[in-house]
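Residue numbering for the sequence shown follows UniProt numbering, beginning at 1 and increasing consecutively. The beta carbon of each residue, even a glycine, is placed where N, CA and C say it ideally should be. All values reported here derive from a predicted model rather than from experimental measurement.
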Amino acid sequence: MQYNEQLLERFFNYVSLDTQSKPGAKTSPSTQGQLKLAKILEQELYSLGLDEIEVSKHGIVTALLPGNIENSPTIGLIAHLDTSPQCSGKNVKPEVIENYRGGDIALGLGDEFISPVTFTFLHKLVGKTLIVTDGTTLLGADNKAGIAEIMTALSQLKESSVPRCHIRVAFTPDEEIGLGMKFFPIEKFSCDWAYTIDGGAVGELEYENFNAAGAAVTIFGRAIHPGSAKDKMVNALALACEFQQGFPTDEVPEKTEEKQGFFHLNSFHGDIEKVELHYLIRDFDKQAFTQRKAFLEKWVDEFNCRKQLKEPVKVTITDNYYNMYDTVSKVPQSIELADSAMKACGIVPIHQPIRGGTDGAWLAEKGLACPNIFTGGYNFHSKHELITLEGMCSAVDVIMKIAQLAVK
């Protein structure tokens, strides 16, 4: 079996499992599908002959591939088990399009399609082998492509006699809901630095991300029959709509890019008596991040003063993760090595910020530099998700080259 066939077989095997994480979960893994995949990976790692293989009670898979050169560094490789809860990941049916010739891509037998008019990156993928969905689910390349790429690279390195550094691997649950890393065994994951294999297009190398917080706003009302509601009803739904109007209209995800921060109304649910609004607060700059949180608290105070409600609006703000740049910048070789590996593989590195977060942000907070490397995928968290086989192979090549260059 050829290298790319091994890679594709692994990927299809992993995406066949429903591993969506579940928002609001109190324990991790939040779903049993993630634990099932963790057990499969455990057996694969044993078959590859790795050391220190362990699956924790929280579904975190860790292992070590020893290097074959004395005094070489130890580098970590990380990918996550779960797929996004924003789009179904059950009964994924991937479809392969060989030698893509351009134009619209019909997904399955339904009305869904991917158009280069909307997704202009498709123009760069002409001639590539695309893997898409059937239009009913996401694909799961985020992040099962990363898992498949790491496993394939481990397999190739284990069979090869080329010099390589020590490699620790970790596959983590619940990355999409920010829960899994709370149970990460950082004391057992001793590395000089690490990489998450969780990026997008070929060449992406990311080491800056949002500072992130979540805010829960609760608005209380009073229900009464509409026929006798005059001067008695307090409609929490209407108050919530009015409250939302107090945010800057241009500081939202759909109107920002690059390093611009935003407020994002992520969920809105309730009834006349009680409504809960959940917001995402994001900014790359620490000071601006602090100002955004202060803005929300001030707006709640102002709204309460204006409305004089019997039960005031309440807000709880919780920090989720911070910009990894401060930690990564202290370990510049983590960026330089990835750069050199990509160039050695004929890939032009694309340095760009992550408009989101990865497990690497949590690790950076704990002092472990952890930039993010591409997987070759696009349109994550969507029925329009796709990845190229060539991009996946490039990720494997870069991982192997990193392991080789590290010993020098």
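Opening and closing residue of the alpha helix (DSSP H) in which residue i lies
i: residue 146; result: 141-159
i: residue 14; result: 3-15
i: residue 360; result: 359-365
i: residue 303; result: 286-307
i: residue 314; result: From DSSP, residue 314 is part of no alpha helix (DSSP H) but of the beta strand (DSSP E) over 314-321.
i: residue 79; result: Not the alpha helix (DSSP H): residue 79 falls in the beta strand (DSSP E), residues 74-80.
i: residue 46; result: 32-48
i: residue 338; result: 332-344
i: residue 237; result: 236-244
Neighbourhood of residue i by C-beta distance below 8 Å, restricted to the same chain and skipping five residues each side
i: residue 152; result: 3, 6, 7, 10 and 396
i: residue 345; result: 394, 397, 398 and 401
i: residue 274; result: 218, 219, 220, 221 and 236
Spatially closest choice to residue i from the options, by CA coordinates
i: residue 219; options: 288, 310 and 197; result: 310
i: residue 63; options: 49, 69 and 73; result: 49
i: residue 90; options: 14, 325 and 169; result: 14
i: residue 169; options: 323, 301, 51 and 348; result: 51
i: residue 258; options: 306, 191, 269 and 209; result: 209
i: residue 118; options: 379, 23, 387 and 101; result: 379
i: residue 403; options: 243, 162, 251 and 249; result: 162
i: residue 17; options: 254, 34 and 27; result: 34
i: residue 323; options: 342, 45 and 285; result: 285
i: residue 238; options: 270, 321 and 121; result: 270
i: residue 244; options: 31, 289, 232 and 300; result: 300
i: residue 250; options: 261, 374 and 241; result: 261
i: residue 88; options: 289, 73 and 142; result: 142
i: residue 341; options: 195, 296 and 233; result: 195
i: residue 295; options: 255, 339 and 246; result: 246
i: residue 184; options: 302, 242, 202 and 60; result: 60
i: residue 21; options: 57, 105 and 179; result: 179
i: residue 58; options: 65, 83 and 30; result: 30
i: residue 188; options: 368, 376, 382 and 381; result: 368
i: residue 204; options: 339, 306 and 386; result: 339
i: residue 175; options: 347, 197 and 158; result: 197
Cβ-based neighbour list, residue i, same chain, cut-off 7 Å, excluding 5 preceding and 5 following
i: residue 206; result: 199, 352, 353, 354, 371 and 372
i: residue 181; result: 172, 359 and 362
i: residue 128; result: 100, 388 and 390
i: residue 53; result: 42, 45, 46 and 63
i: residue 55; result: 38, 39, 42 and 61
i: residue 293; result: 213, 281 and 317
Euclidean distance between Cα positions of residue i and residue j
i: residue 223; j: residue 230; result: 11 Å
i: residue 291; j: residue 313; result: 20 Å
i: residue 12; j: residue 139; result: 10 Å
i: residue 70; j: residue 268; result: 56 Å
i: residue 125; j: residue 288; result: 38 Å
i: residue 264; j: residue 228; result: 36 Å
i: residue 374; j: residue 357; result: 14 Å
i: residue 255; j: residue 248; result: 11 Å
i: residue 236; j: residue 25; result: 26 Å
i: residue 165; j: residue 303; result: 58 Å
i: residue 315; j: residue 297; result: 7 Å
i: residue 226; j: residue 202; result: 58 Å
i: residue 350; j: residue 318; result: 32 Å
i: residue 425; j: residue 145; result: Lying outside 1 to 408, the shown extent of the chain, residue 425 is not represented and no answer is given.
i: residue 104; j: residue 86; result: 24 Å
i: residue 327; j: residue 320; result: 17 Å
i: residue 96; j: residue 382; result: 17 Å
i: residue 266; j: residue 252; result: 11 Å
i: residue 67; j: residue 109; result: 48 Å
Span of the beta strand (DSSP E) around residue i
i: residue 259; result: Note, residue 259: premise wrong, no beta strand (DSSP E); not H, not E.
i: residue 97; result: 95-97
i: residue 65; result: 61-65
i: residue 188; result: Run containing residue 188: none; DSSP gives neither H nor E here.
i: residue 325; result: Premise fails: residue 325 lies in the alpha helix (DSSP H), 325-328, not in any beta strand (DSSP E).
i: residue 280; result: 274-283
i: residue 205; result: 204-206
i: residue 409; result: Given a span of 1 to 408 for the chain in the structure shown, any question on residue 409 remains unanswerable.
i: residue 396; result: Not the beta strand (DSSP E): residue 396 falls in the alpha helix (DSSP H), residues 389-405.
Contact set for residue i: own chain, Cβ-Cβ below 6 Å, skip 5 residues either direction
i: residue 366; result: 186
i: residue 192; result: 73 and 74
i: residue 122; result: 116
i: residue 65; result: 50, 154 and 167
C-beta neighbour in chain B for residue i, strict 8 Å
i: residue 137; result: Here chain B cannot be found, since the structure has a single protein chain.
**Message:** Three or more C-beta pairs under 8 Å: does that hold for the segment 138-155 against the segment 74-90?
**Reply:** yes
**Asked** Can at least three beta-carbon pairs, one atom from the segment 323-342 and one from the segment 34-53, be found at a separation below 8 Å?
**Response** no
**Asked** Is the number of C-beta pairs between the segment 213-229 and the segment 266-286 that are closer than 8 Å three or more?
**Response** yes
**Request:** Take every Cβ of the segment 96-114, pair it with every Cβ of the segment 131-140, and state whether three or more of those distances are shorter than 8 Å.
**Result:** yes
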